[in-house]
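Structure record follows, encoded as structure tokens.
In the UniProt record's numbering, the protein residues as written are 1 to 412.
Written out as structure tokens, the structure reads:
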């Protein structure tokens, strides 16, 4: 393991590192160069070592390394060699664009490619790269199990193209992350068809910060198992909760995690969810109805913090943080890979009050309940609500291990 993240490195170090990786004595299996000015030229030098039969590297982190599509052909070539061992490639926060991903997919289509996890968060992508990704995922020899495409403008048309590959029997994808991709309810039917196929391997689907709305849950089963959902900030209301509750209640349900923070579910919505949670078929273990947007962006913020300080200095960065704390608004961070908008508004609860606590308490006290974690942070439950919850917590049937009721803040 070799971690050199945020070390003010440039491409000049990559030749030496490449020499080490290609040495027959090297035992390095992980190298993380995130948030360094490696550039395309640095990656090209690294790829020379990746093509060496002596190289044992399995995980390579190049997040926020000022890369463009120019690095993708060498990476593709390195993934295609018969002795390639790379299983995890982190390329997020780079300006790869559609051209870069299409070049990368040439390597993914090689029968020699061992890649299992590919992260392309915030890479200036559009639907123009989705056909190539879909084709790579549908190949018999594909080993890909996790794909991160969040914060790219894929839109509904891109998801439709991806779903063509996801429906193929050869597709082995287990985790698909599509947060803030400009999606609407129009893509939900295609996703529903993927989830309903008998050979689907999807167990996690991240759709947060897309405007799916309640109508997205009436497309023939998008809420149905087997799949854990992140649906934070999707424009949902209590209108979708009956459908979600129904999905939790079906006999073959294997849904264990559901995150629906930053949606206007209100007490009525949670009460409807509780009807499904009380069902003996429900296997849900983790339920989050908190202001969760901030928590899920912590990792993104940490990357932004490191990169911003690296480029502009700590004083400028702290000034921005002060401005954010005064106006409670938003911060725009400009990267060479394009504009990344990061919302720092803190108050996005689900509008819950003590009115939902009796229903939740009954769920916790049910002998069929599998819940071990509940997050109710940033909701106006008040003391009366907690007293009601405690009635369920005192019940011998209650299996809850973790309960969060924090007033959350996010600092850099």
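Glycine is no exception: its CB is placed at the ideal position from the N, C-alpha and C atoms.
Residues of its chain near residue i, where Cβ-Cβ distance is below 6 Å and the 5 sequence neighbours each way are ignored
i, result
"residue 19", "none"
"residue 359", "271 and 274"
"residue 78", "47, 50 and 51"
"residue 103", "72, 73 and 76"
"residue 375", "288, 290 and 404"
"residue 235", "211 and 213"
"residue 209", "179, 180 and 233"
"residue 402", "373"
"residue 240", "214 and 217"
"residue 153", "126 and 182"
Helix, strand or coil at residue i according to DSSP, with G and I counted as helix
i, result
"residue 403", "strand"
"residue 148", "strand"
"residue 394", "coil"
"residue 15", "helix"
"residue 235", "coil"
"residue 103", "helix"
"residue 292", "Annotation note: pLDDT 46 at residue 292 (below 50); position unreliable, no value reported."
"residue 261", "coil"
"residue 182", "coil"
"residue 119", "strand"
"residue 42", "helix"
"residue 351", "coil"
"residue 169", "coil"
"residue 69", "helix"
"residue 98", "helix"
"residue 204", "strand"
"residue 215", "helix"
"residue 30", "strand"
"residue 374", "strand"
"residue 417", "Residue coverage of the chain in this structure runs from 1 to 412, which leaves residue 417 outside it and unanswerable."
"residue 389", "helix"
"residue 364", "helix"
"residue 255", "coil"
Beta-carbon separation (whole angstroms), residue i vs residue j, contact threshold 8 Å
i, j, result
"residue 117", "residue 85", "At roughly 13 Å, the Cβ-Cβ gap does not stay under 8 Å, so residue 117 and residue 85 are not in contact."
"residue 259", "residue 284", "Rounded, the Cβ-Cβ distance is 11 Å, inconsistent with contact."
"residue 145", "residue 177", "The Cβ separation is near 12 Å, so there is no contact."
"residue 129", "residue 98", "4 Å"
"residue 67", "residue 92", "Between residue 92 and residue 67 the Cβ distance is about 10 Å, and since that is not below 8 Å, they are no contact."
"residue 62", "residue 90", "6 Å"
"residue 361", "residue 382", "Contact flag wrong, Cβ pair sits at about 15 Å."
"residue 428", "residue 264", "Absent from the model: residue 428. The displayed extent of the chain is 1 to 412, so no value can be given."
"residue 186", "residue 228", "Contact doesn't hold; Cβ gap of about 23 Å is too wide."
8 Å Cβ shell around residue i - same chain, five flanking residues per side excluded
i, result
"residue 249", "275, 276, 279, 281 and 282"
"residue 201", "145, 171, 172, 173 and 174"
"residue 194", "163, 166, 167, 200 and 202"
With 16 other Cβ atoms within 10 Å as the buried cut-off, status of residue i
i, result
"residue 109", "buried"
"residue 394", "exposed"
"residue 370", "exposed"
"residue 378", "buried"
"residue 307", "In this predicted model, residue 307 has a pLDDT of only 46, less than 50, meaning its place in the structure is not dependable enough to derive any value."
"residue 142", "buried"
"residue 390", "exposed"
"residue 165", "buried"
"residue 16", "exposed"
"residue 148", "buried"
"residue 12", "exposed"
"residue 10", "exposed"
"residue 267", "buried"
"residue 94", "buried"
"residue 262", "buried"
"residue 238", "buried"
7 Å CB neighbourhood of residue i in its chain, flanking five on each side removed
i, result
"residue 113", "79, 80, 84 and 107"
"residue 70", "40"
"residue 169", "199"
"residue 54", "22, 23, 24 and 26"
Within-8 Å CB hit, residue i to chain B
i, result
"residue 175", "Absent here is chain B; the protein component of the structure consists of one chain."
Examine the Cβ distances between the stretch 152-171 and the stretch 115-132 and report whether three or more of them are shorter than 8 Å.
-> yes
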